[in-house]
Amino acid sequence: MPVKVSVIVPVYNPGIYIEECISSLQRQSLPPDEFEVIFVDDGSTDETPARLDALAAEDPRMKVIHQENSGWSGKPRNVGIEASRGEFVMFVDNDDYLGDEALERMYDYGVANGADVVVGKMAGKNRGVPVELFRRNHPRATVENAPLIDSLTPHKMVRRAFLDRIGLRFPEGRRRLEDHVFIAEAYLRAENVSVVSDYVCYYHIRRDDGSNAGFERFDPVGYFKNLREALDVVEQYTEPGPVRDRLFRRWLRVEMVERLRARRLLNLPNDYRRELFGEIHEVVVERFGPGVAAGLQPTQQVIAALTAADRYDDVVAFAEWEAGVAPAAAPGDIEWRDGSLRIGFTAEYLSDGEPMLFPADAEAAPLTDVPKDVTEAVRWVASETAARFGQATADLLLRERTSAAQYFQPVEFTRETVPVGDGEQVRLVLRGTATVDPSVLPRAGAWDALVRVKSGGWTKECRLGPAPREDRPTPPAGVLGDRPVLPYWTAPHGNLSLELGARGKRLGLGRVQLGDVSVSDERFRVLLPVHVPGGSEVRLRFVSSRRILEAPGTLSPDADRPGSVLEAALPEDLSDDVWRVAVCLNPGADQARFAGLPFALRAGGGSVLVTPVPGPGVALRLARRARRVLGAARRKVNSRIRTGGR
């Protein structure tokens, strides 16, 4: 079979962090004979070269090239391109990893749409990744119709023939932003770019030891010299005008203005941030016309204007004010409806913990002059934010806790100006309702609810919480198909999360009362505190002191009360005894488990009665007590051994 994808991994002293990368490559759903992995060892001095040689010896998909250290990732990637046999090449860093279906999905989507470049949805573990780009799939994306320019890291799939046709390779040597130069040209010269947003293809990891190359403090002079090379690419392949200004705006916003904002600036040593500011000032004055900064959000425009005017002290003062600005999102009504969880919330920005106030009669006015001081700058931002409130948005995202994969949920929202005091000032409040269909989330686990607020010059996320007042209950668990779903408030912070695949007591089955259970005509019926959108099959287990019986049952919505009704026929051979009852709500799942219900059935004399679950007998209680005593004694002996008898 021809090789569809060649995965190229530059490697330099990753240590244990390469193991997850290797495992994810070995788990790929693309058939083994349809892809290859080329590790280019750039002169590693740890145990990685031997590890890769052993890997290549046992797995024919894996190939290793050893070379002297080149100083950065550009040359190893170029060496990998030359050695590749695939129709596409995919660039992966040695401390990141792929989703199990990443290569197959990206390849198929790229071929279906004739793409030269395929961008896969990213998740960032303790580091930022583009968000807006991955709201939906883009079969035919360009720098004009999609925010492609937000994603300039090299972790893309690129058609090899396209690279050869235009002669595109990575800049080499010890340098920064070689990926910006490469990807910017690829975007601008590709026949088509496709974006996969419905599956997390790439997991971008920040190491626990903080030693990722991208997180090392850089030399501002060298960094912005390399940045100018990316701007040169844009100038080469675009004409002066709105498109070029929009592309340049990405570097002004992300690489310059954002580095001079709030805590990100204030946490730097003073001498370093002065040097950083000086280099940014030079690039802004040298390369950007007025149309670039004019398209920024209000706060960003202020920082750009102060930077162009070389007013370092005012930039620091503005950062000190902005450091106190943060979003807050309060939960509203949360309820199940037709198999979806409807989550109400309100969101607004706070300043030093209090709701931000804005002028009630604000009108939009361009920033034609540099603010004379920070007070005037803050006043203009407040006025412009209020005037632009019609553009403010609120989104609800669910983020999987272990992988950081996140998905936008459908939201309907309204904008409300709330008068304060004499009415000359207002609060700007967004009121939204998200409709969450847990069945479309890709896997079980804990999912945290976050609200993303865009207003004025801020785009920030916060957790949805803390929990509302005590008299507003948490919504019950739900069962959708074969997936139990539990909304809950985290402890101790009280933020909203969902547990997909929840089981046992966490589903609230322990709250069933004896009055919720009835037995008649050899059938029994239980009202469960869980939501179901329609009828579904469940499995019952009856356990006595001597036997275990199983029987099918049904779960359906209760017509009169919140919750659902569990109904089942009693097993014909339910002998005289006390039978504990357990239910499996997802019998079709790969990991179906039974959860005990807090009642028992006492069969005897031709009748069946509902009783409390019997406690353990005397012998069982004595055995449990003996185990506790022996366990305590064993721990005491082990402690003495570890301390040498002291």
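In my numbering, the protein residues as written are 491 to 1136.
Glycine included, C-beta positions come from ideal geometry on N, C-alpha and C.
With residue i as the anchor, note down where its beta strand (DSSP E) starts and where it stops.
i	result
P566	From DSSP, P566 is part of no beta strand (DSSP E) but of the alpha helix (DSSP H) over G564 to A573.
Y897	Q896 to Q899
T875	Per DSSP, T875 belongs to no beta strand (DSSP E); it is in the alpha helix (DSSP H), V864 to A877.
P821	V815 to R827
I1038	I1038 to P1047
V579	F578 to F581
A1085	A1085 to G1094
G663	It is not in any beta strand (DSSP E) - G663 carries neither H nor E in the DSSP assignment.
L970	A967 to L970
F624	Segment: none, F624 is in no beta strand (DSSP E) and carries neither H nor E.
L1030	S1026 to V1033
Could you tell me how far apart the beta carbons of residue i and residue j are, in whole angstroms, since I believe they sit closer than 8 Å?
i	j	result
A854	F835	Contact doesn't hold; Cβ gap of about 28 Å is too wide.
K615	A894	5 Å
V871	T789	6 Å
L970	G829	6 Å
Y978	R697	About 31 Å separates the two Cβ atoms, so there is no contact after all.
D1067	A1093	6 Å
L920	A884	4 Å
D800	H771	5 Å
A850	E914	6 Å
H694	R617	6 Å
A676	A752	Contact doesn't hold; Cβ gap of about 33 Å is too wide.
Go ahead and pull the three-state DSSP assignment for residue i.
i	result
Q518	coil
Q790	helix
M612	strand
D523	helix
V683	strand
T538	helix
T949	strand
H670	helix
G444	As shown, the chain starts at 491 and ends at 1136. That puts residue 444 outside it, with no answer to give.
F738	helix
S893	coil
Y502	coil
G880	helix
E838	strand
E1012	coil
T643	coil
G1005	helix
G1000	helix
A1059	strand
N927	The sequence given here places Asp at residue 927; Asn does not occur at that position. DSSP places D927 in coil when its eight states are reduced to three.
R743	helix
V619	coil
Between which residues of its own chain and residue i is the CB-CB distance below 6 Å, once the five residues before and five after are set aside?
i	result
E510	Y587
M580	V495, V497 and M647
L593	V495, Q518, L520 and F525
D842	G814
R993	R1083 and A1085
A957	W979 and G984
S687	K611, F624, R626 and N627
R664	G561 and W562
H670	L642 and A720
Hey, quick one: how far does the alpha helix (DSSP H) through residue i stretch, first residue to last?
i	result
K715	P710 to Y727
M596	A592 to A602
H628	H628 -> not in any alpha helix (DSSP H); beta strand (DSSP E) instead, spanning H628 to A631.
G768	N760 to R777
G781	P780 to A784
D804	Y802 to E812
L755	A752 to L756
L1075	Note, L1075: premise wrong, no alpha helix (DSSP H); not H, not E.
L653	R650 to I656
Which same chain residues end up closer than 8 Å to residue i when comparing Cβ atoms and leaving out the 5 residues on each side of it in sequence?
i	result
F738	L721, V724, R777, F778 and V782
Q557	V530, D531, D532, G533, K565, P566 and V569
L1110	Only weak support exists for where L1110 lies, its pLDDT of 44 falling under 50; the value from the coordinates is given anyway. Answer for L1110: no residue qualifies.
Look up residue i in the DSSP assignment and give the residues it is bridged to.
i	result
E675	In the DSSP output, where bridge partners are listed per residue, E675 has none listed.
P849	Q915
E977	Checking the sequence, you will find Pro at residue 977 rather than Glu. Beta-bridge pairing links P977 to L988.
K553	I528
Y693	Y587 and A613
H1021	G968
Please list, in chain order, all residues of the same chain as residue i whose beta carbon is under 7 Å from its beta carbon, the five residues on each side excluded.
i	result
V805	L750, F767, I793, L796 and T797
G600	F578, V608, M647 and S684
P974	A967, G991, A992, R993, L997, L1075 and N1076
A877	A852, E853 and A854
Given 6 Å as the limit, tell me if residue i has its C-beta closer than that to any heavy atom belonging to the ligand ATP.
i	result
A798	In the structure shown, the ligand ATP is absent, as is every other ligand, since no ligand is present at all.
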